[in-house]
Every structure is written in structure tokens, then in C-alpha cells.
Amino acid sequence: MKALELKGITKQFPNVLANDNITFSIEKGEIFSIVGENGAGKSTLMKIVYGLYTPTSGEIYVFEKKVDMKSPQDAIKLKVGMVHQEFMLIPRFTVAENIVLGDEPHRGPIFDFRRAVREIKELSEKYGLKVNPTDKVANLPVGTQQKVEILKILRRGAEILIFDEPTAVLTPEETEDLFKTLLALKERGKTILFISHKLKEVMTISDRIAVLRRGKLQGIVKKDETNEKELAHMMIGRNVVLEIPKADTKPGPTVLSVENLTVRNHRGLIGLKGVSFDVHSGEIVAIAGVEGNGQTELVNALVGFTRPTRGEITLNGSTMKMVTPYNVRTKGMAYIPEDRKRRGLVLPFKVKENIIMGQHSLYPFSKNGIVNDPAIDKFATKKLDEFDIRPRNIYVKAGNLSGGNQQKVIVARELSMNHNFLLASQPTRGLDIGAMEFVYNHLVEEKKKGIAILLISLELSEVLGLADRILVLYEGEIVGETTPAETNEQELGLMMLGLKRKEGAVK
Amino acid sequence: MKNIIKGIMYGHREKYWWLTIVVPLVSILSALVVGAVFIWSTGRSPVTAYKLMFGASGLFPGPYWKTHFAEMLLASSMYISTGLAFAIAAKGGLFSIGAEGQFLVGAIVAAYFGYAKPFANLPTVVHLTVIFVMVIIAGGLWGAIAGWLKVKKGIHEVITTIMLNWIATYLIADWLVTGPMKANVATGVSGTPYITKTAKLPIILSGTRLNISIIIIIVVTYLTWFLLYRTTVGFEIRAMGYTLIYNMEAPKAAGVNADIRVVQTMFISGAVAAIGGSFIILGILFQYPPVFEGGYGFDGIAVALIGQNEPLGVFLAGMLIGGLRTGATAVQLAHIPKTFPSIIEGLIVAFIALQELVRYLIVKLVESGKKKPADKNNLTKATNGGTANE
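Line by line, the protein sequences are chains W and L.
Read in my numbering, the first sequence has 471 at position 195, and its numbers run on one by one without any break.
Read in my numbering, the second sequence has 1103 at position 34, and its numbers run on one by one without any break.
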């Protein structure tokens, strides 16, 4: 029996075609995985199945009945449940209270806590999900919180369970535990949709695997008939139309030096383990890797948002210890952040205000602490022309620009600052080809000027096209150093997925 | 439901900029209407009540206008100062409710330097300058404590400002005023001694109590606007306030020294509130009395809310609240308790708290009015909305 069937699902967003005519069906009692790069359309597809988005066209069948889902409530009624990447739990409530919330057992108008606890106990025994119903959620580790989420949807009678990148927040041990749970659920006849971009996990757990790339279904393979290499190829081995200009420059003196850097992430776990490397002037060093393998921790430590646990960062000869972003900025670092809405721009500010942020206290934008508007307007107008930012209106709020133009504002701002080191963290994230080319050209221009560039990227084509040296980051460690001439996409892809190590001269 | 929430969250801020002005006006009008229903339901005449209240508020010309006007401006200058204090902090993303304590600190410092011996014989201009410098430093430091604790120890400013309020209250009332600063018993004065003549704010309208406090507060309002919109410090303060939900990451990443700015913002906020505190001593009471009726700091929050945290708005809102308070006693002639204007004030704040809803409803009203001819516009708006929501 088919548990879920999608026929020709297409989702068109204003600027992107997120899902393009996707058709597949899932058998009852199957673990079905969907893999793909970031932005391949996995999450959009799942949100459609869960009723959070309505598809532009296409049909959904649940248990061989055509359905029309308008909200998650509809999905729950149809026995479709979803475990979100970010848990929707109330920290101050107990496990039992969280699970029954919205459908509480009651005696008359009074909430029957004891019955809730009893129910949860039975449920957790039935599925082998060990939780203590009277524990406060705030005190639980993330793995257990996830179990609470799973119990929550099971209690609502979910037959089809969607897991959106469930392992992204888990430790390896917790991941193993989750897999045991998934298999137990499968035994009980539940159907599981597992979303991930980690191939190793997908190969461990799935029965069948669907590969998405740029919103299109690349194919569905049985686990037994494939391997990680083939999947990696389907997932990332694309022909790139984009041409990246080359520039041969001689690397100059060391600008940035990172020594044995260890950084904890926001959960207190070690995210980056003893990483060392140098960046020289006139050189682009790329950090390749699948997202969540230590890039965020590295960036945060470099920019000064997190203090490293161990290790040393030296920028232009001064050691960065106990620094804040403010100190780092005064040492000649330009920074293109990966999350432009959060870290790059003040969205309610006008373009002209955003484009001078960071230089606002310098002449000619201000004199003696008083803002000089004519100079700012002149500068902003010039930069809008130079970087082709549309609309050509310096008074538009940054939040009303399209993603590509927002990125251009940031690039314009950062490159016009006085700097000799550029940290470009996923500078083309979410950009279309035109805007990507724009960013690439400017990075190469910077390189020609003798600026030291550290590029952090998830895109292999970008890494291979731009970098002089490539460092591969996997689970917080540099697992290999290579150059574009020595390697190819396949090899890099394997290294990024932790399947191959290259013991090069990792400085 | 989802669409309603989306509409509220993203609004159409830029397109309908005039809402910033219209929304407070709608709130005030709604409050007056609801207030009228209250009066009417008790069998009294709302028209008479409002006539009396606004007649004596000093906001509109009428009998004894000169006196009412002077009293209104006297009261307003204090509400404006605490309102500005809240607004400055709010612009920087800080929810400071410490204006009450800072106001008291300003008052006691003004009282001390007003009577203390070494300063007593200075010429008025010098004496007042000394007093205001000390008031600004003391109030500013009182505010900066909260900022410093937030930066160094991560304690939320709401907690620290509340605690500092109580510390100021009891430090002054139970120790300074009854202890070291107590007037000589032989003079028969309770509370602190009276300030000398040279410390009194000069009267600018003869026959009334109106003094230069209103001129000072006009200057302070202008300086606040100048600080927020014309200086680099204000630029950074606003950038921090706008990105509060993102932990101020964008300005920090761009090189704004957020830690220092938080302390500075709290200093400025505290100083402005303290200036208001000095007005009540130097212009109205001339000593720090044993029992001090406060509340100006908390009313300042209401003033800032009505004024939408914009300096000019705060100024106008301060005049409104000052006027309502001045007109309060007059409503008793209509057999309505003099606390009635406080109900109006509360209602205004309640409607302001609903401003996102009011905004949404007004926008909906406007858009339904001009929907048909503008299909193209709707299309572009939908795309804009799409990018904003991503």
C-alpha cells in the first residue's frame, strides 16, 4: 500500500523554482530518504507535504486518497507528523505536559496530569522511547527533547513521520540512538520520511533514497543498489555553466594565521578541533565542507563573536585574544557574512545607512561625530552605480531589496573598507547565477589587489574555481589540504563526506 | 489567521509612514470615546466633563488660560524628560524603566547643590550651571550602572533598573532626607533645607510659576533628536535597537562597539531623566520634602509609548499628559473624581499597545478602498512581501 504519493509537485516562489514537477511514492512501512544540497528544495517539499506551503501545481495522495492540505492541522488529521529541526517545546513544562499540549486529557474542565503521565509512560514503552514524563524539558539533553517531539506526533496518531534534518543538532551517540528509534518505528509499520544531506546517515538508515538537485528530482535509488559515491555524484556532480575568471598572483606575506584553534558551539560542544592554517596576501584559501562541520564556529571565532577554547588567531601581526567584533574590525578585516539578513544588514535601515555602516565614524561620512549626509548620499549613489544595485534609490530600506541586491550592498560596503584580509563566508548563498558571477569577479579583483581571502563555501564549483588552496573541513577537523589543480569534484566530495582523508601538509 | 499575523508582523511600514502619526491620534481619540462611555454609564455628562477637563488643561485657550498654560508646561517638562529618557534607551533596544530612580537622584542632587554652603553665594547662572552639571553626572551614572551590569554580567536592564529605582527611593527617603541632609530642627523645616534664591529657575511668565524648565526641555528634546539622527553615536544606537531580535549581530559585525554604546545610552537616558528631577526641586518645591510624590518615571514610559519613541512625538505626548494632569482637578466640578484623567491616560496606553492591530486595520481599510484599479501594484507588492518574508 502506498502511504504517500506525490504527483507533479511544483512550487514557484517569486524568484526561485523551489520544486520542479516532483513525482514519487512511498510504501507503507518504508524509510524513505531525500538528500540534496542546501537549497535543493528538500525542506520546501516537506513543508508542502506537511501543509505549511500549498504547491503551485501537483497532487498529493495520502494512503491512496487525494488530499488537499491547507495547514498542519489538516496534515495531523491525515496522520502526517513532522519533527522539526528546531523543536517546538515549552522548556518550563514537563515532558508529559509538552506531549499532551493541545489535546489534554481532562476530567471535566480540570487537566488530568496523572492520566497524562500514565498515557505517556505507556506510549514511551510501546515504542521504546525512554523518557521520564515528569522531567522538565529545559533540563533534558537535545536527544531526549527530540524523543519528546517524536512522542508528541505519535500520540496524535501519526502514521507518516517526517524528520527534517534530525541529526543536525545531535551528537554521534544521540544519532545512533535516533536510528534505533527509527528502525523500531518502522517495525511497527510507521512510514518515515528522512531528510538529510549527510550521505553516511542516509546509507545507514534508508530503504530507498531520492536525490534532489536545484528543485528537480534526479532519481530514486534503492539503498542496496547504490553507494555513497554514486549518491554524491547525483547530488553535487553537476556541470557548471558559470565561468570563474582566473588570476595568477604570487602569494605574499602571511596575513592571517590560525594556530591549533578549538571552538565550542552554542550548545557547548566542541565544534572545531585544533585547526591550524595560514592565509597569505594575494591568495584565496577556501574552506570546503558540508554545512555544520565547523564552519560557523570558525567564522564566529575569527570575527570575535565566540572566544576560542584553545588556540591562537593572529591577524596582521597582532594576536586576537579576548576580542569583540569591534576590535577585529579595527585590525583590517572585511567580512561578508553567510546570513545577510541577520548579520549583514540592519533591515529597517536605508540602503545608504547600511552601505556606510562600519565606516560611519570616519571622514568624510562624519565630522566630529556628526553625520555628514551629503557625503554619504554621494558615496552611496556612486556605489549603487558601481555595483549595479537595484533599485537605484539610496533611500529604500534594505529589507525591501531582493536577496541578490542585499548581498551586493554588503559586498559594496565591505570592499570599500580599508582592509587587507577578507573573510567571505558563503558569499553566494542563495544567489542566482548573475549575482554569483558578480561576487566571483569581485573576489578575484580583491585577490589581484593583494588582499588575503578566506573563502568558506559549500559549493564545490566555487571552491575549485576560485581557490589557490583548499582545506577540507569535516567534523571540525581539517581532513585534507589540496589545490584545484591536484583534485577534482569527486575527490573533494568524498573528502567532504569524510570518506577519504588526504594527509597532506596540513600546516 | 496566518495571514493576519503576517500582516501584523511585516506591516507596510515604509509605504504608510504616516501611520506613525495617525496611530497615536487614533489611540487618543479611541481612549476619549471609551472614557466618554465610562462617564455616560454613570449618568453624568461626558461633554461637560471633557469641557471642564480640557478647559483647565492649558492645552486650549479659555478662562484663566495663562495660569493653566503655565501649570501645564511646568508639569509637561517633567513628563517629557522621563519620556525622552525611556525613548532614548528604547531606540537602542534597551527597556529601561529606571527613569523613576534617576528622576529622584536628579532631584536630591539638585536639592543638595541648591542649598549647600560653598555654592550658595554664586551668581544664578553659575550656580544653576553647577547644579545641572552635577545632576547630569549623578543621574547619568545612576543609569550607567544598569548598562554596565548588562554588559559585564549580562543582567537584563529591566531587573537592574527596577532594583535601582528602589535603591534610590529608600536611600533618599529613609537616609539622606531624614539623616545627613536634614534641615536644622530650629528652622522648623522638615525635609532638606530650602535652596537659595540663586538656585531657583528664573520665571519667564510673570504672575505664574512658569520657569525656564520648558525652554531647557525644548533644547533637550532637540539635542535628543540631534543625537539620534545626526550623530554617529545615534546611528549606532538605532542600528542596535533595530537588530535587537538578532542580538545586535549586524551592527556588531560591522564594527560597532555595542558594549560601550549600551553603557553610554543608559548614561544619556539617566541624565535626561535626572534633569526632569531637578526641575521639580528648582522650580516647584524648592526643597526635597520628607514625603515625595513620585511616579514621573513611570508616566514617562506612557509618554514615550504615545510619542512612538520619537523625540518630537514624546514632546507632544508629554504636553498631552501634562495637560490631562493639570485639568484633573477641574473634572470634580462635574462630580467626577479627579483621578479620571488617569483612566484616559491608561486607555491611551492600552490602545497604543494595540498599535500593530490598529496599523493593520488602517492599512486594510486604505487598501480595500483602492484595490480595483491597481492590479499591477498588487503584483509588485506581493513580490516585495515575498522577499521580505523569506
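Where is the CB? At the ideal position from N, CA and C, for every residue including glycine.
For L/Asn1280, does the three-state DSSP call read helix, strand or coil?
Residue state for L/Asn1280 is assigned as strand, using DSSP reduced to three classes.
Cβ distance (whole Å) where W/Leu677 is taken to contact W/Arg668 below 8 Å
The beta-carbon separation of W/Leu677 and W/Arg668, rounded to 12 Å, does not stay under the 8 Å limit for a contact.
Which residues of chain L have a Cβ atom closer than 8 Å to the Cβ of W/Gly620, listed in chain order?
The contacting residues are Ala1319, Ala1322.
Minimum C-alpha distance to W/Ser637 - residue among L/Val1106, L/Gly1303, L/Ala1105
For W/Ser637, the nearest C-alpha among the options comes from L/Gly1303.
Let me know the secondary structure DSSP gives W/Val311 once reduced to three states.
DSSP, reduced to helix, strand and coil, places W/Val311 within a strand of the structure shown.
Rounded to whole angstroms, what is the Cα-Cα separation between L/Leu1434 and L/Val1427?
10 Å
Out of W/Ser309, W/Leu578, W/Leu623, which one is the CA nearest neighbour of W/Thr600?
W/Leu578
Note down, in chain order, each residue of its chain lying with its Cβ closer than 7 Å to the Cβ of W/Glu441, except the 5 sequence neighbours on either side.
Exclusion of the five residues before and after W/Glu441 leaves Gln361, Ile471, Ser472 as the residues of its chain whose Cβ lies within less than 7 Å of its Cβ.
Does DSSP classify L/Ile1264 as helix, strand or coil?
coil
In three-state DSSP terms, what is L/Gln1460?
Nothing in the structure corresponds to residue 1460 of chain L, since chain L is present only between 1070 and 1459.
Taking the alpha-carbon positions, what's the L/Asn1234 to L/Thr1151 distance?
Cα-Cα distance, rounded: 13 Å.
Verify the CB distance criterion: does W/Leu623 have a CB-CB separation below 9 Å to chain L?
yes
For L/Trp1211, count neighbouring C-beta atoms within 10 Å of its own C-beta (all shown protein chains included) and say buried if the count is 16 or more, exposed if not.
buried
Per DSSP, the bridge partner or partners of W/Ile285
W/Ile298
Give the straight-line distance between the Cα atoms of L/Phe1361 and L/Ile1421, rounded to the nearest whole angstrom.
30 Å
What does L/Asn1378 touch in chain W if you count any residue whose Cβ is under 7 Å from its own?
Per Cβ cutoff of 7 Å: no residues; L/Asn1378 is ~13 Å from chain W at best.
Round the Cβ separation of L/Thr1238 and L/Gly1170 to the nearest angstrom and send it over; I've been treating them as touching at under 8 Å.
7 Å
Whole-angstrom distance between W/Met633 and L/Asp1368, CA atom to CA atom:
35 Å
Taking 8 Å as the threshold, find out whether the region 552 to 564 of chain W comes into contact with the region 743 to 752 of chain W through three or more Cβ pairs.
Three or more beta-carbon pairs separated by less than 8 Å link the region 552 to 564 of chain W to the region 743 to 752 of chain W, which places the two stretches in contact.
Quick check: is the beta carbon of W/Ser637 nearer than 9 Å to any beta carbon in chain L?
Yes - at least one Cβ of chain L is within 9 Å of the one on W/Ser637.
According to DSSP, simplified to helix, strand and coil, what is W/Ile546?
Three-state DSSP puts W/Ile546 in a strand.
What number of angstroms, rounded off, separates the C-alpha of L/Thr1312 from the C-alpha of L/Lys1321?
Their backbone Cα atoms lie some 10 Å apart in a straight line.
Boundaries (first-last residue) of the beta strand (DSSP E) holding W/Lys342:
341 to 343
Starting from W/Ala688, follow the beta strand (DSSP E) in both directions and report where the run begins and ends.
From DSSP, W/Ala688 is part of no beta strand (DSSP E) but of the alpha helix (DSSP H) over 679 to 691.
Do W/Ile298 and W/Gly317 have their beta-carbon atoms positioned less than 9 Å apart in this structure?
yes
Just to check my reading of the structure: W/Ile336 and W/Leu282 have Cβ atoms closer than 8 Å, yes? What is that Cβ distance to the nearest angstrom?
6 Å
If you compare alpha carbons, which of W/Val343, W/Met511, W/Ala486 is closest to W/Lys499?
Out of W/Val343, W/Met511, W/Ala486, W/Ala486 has the C-alpha closest to the C-alpha of W/Lys499.
Would you say L/Phe1182 and L/Met1203 are within 9 Å of each other, going by their C-beta atoms?
Against a cut-off of 9 Å, the Cβ pair of L/Met1203 and L/Phe1182 comes out as a contact.
Would you list the residues sitting across from W/Phe553 in a DSSP beta bridge?
W/Val534
Hey, is W/Asn515's beta-carbon within less than 9 Å of any beta-carbon in chain L?
The predicted position of W/Asn515 is uncertain, since its pLDDT is 43 and thus under 50; a value taken from the coordinates is nonetheless stated next. For W/Asn515, the answer is no, since every Cβ of chain L falls outside 9 Å of its Cβ.
For W/Glu495 versus W/Met772, is the C-beta spacing smaller than 9 Å?
One point to set straight first is that residue 495 of chain W is Gly, not Glu, in the sequence displayed. Going by C-beta atoms, W/Gly495 is not nearer than 9 Å to W/Met772.
Coil, strand or helix - W/Gly334 by DSSP:
strand
Excluding five sequence neighbours on each side, which residues of the same chain lie with their C-beta closer than 7 Å to the C-beta of L/Leu1121?
Ala1399, Val1400, Leu1402, Ala1403
Between L/Val1325 and chain W, is the shortest Cβ-Cβ distance under 9 Å, so that the two count as touching?
yes
May I ask you to verify whether the region 1364 to 1382 of chain L touches the region 1122 to 1138 of chain L, counting CB pairs closer than 8 Å and requiring at least 3?
no
Examine the Cβ distances between the region 402 to 410 of chain W and the region 356 to 373 of chain W and report whether three or more of them are shorter than 8 Å.
Between the region 402 to 410 of chain W and the region 356 to 373 of chain W there are three or more C-beta pairs closer than 8 Å, enough to call the two in contact.
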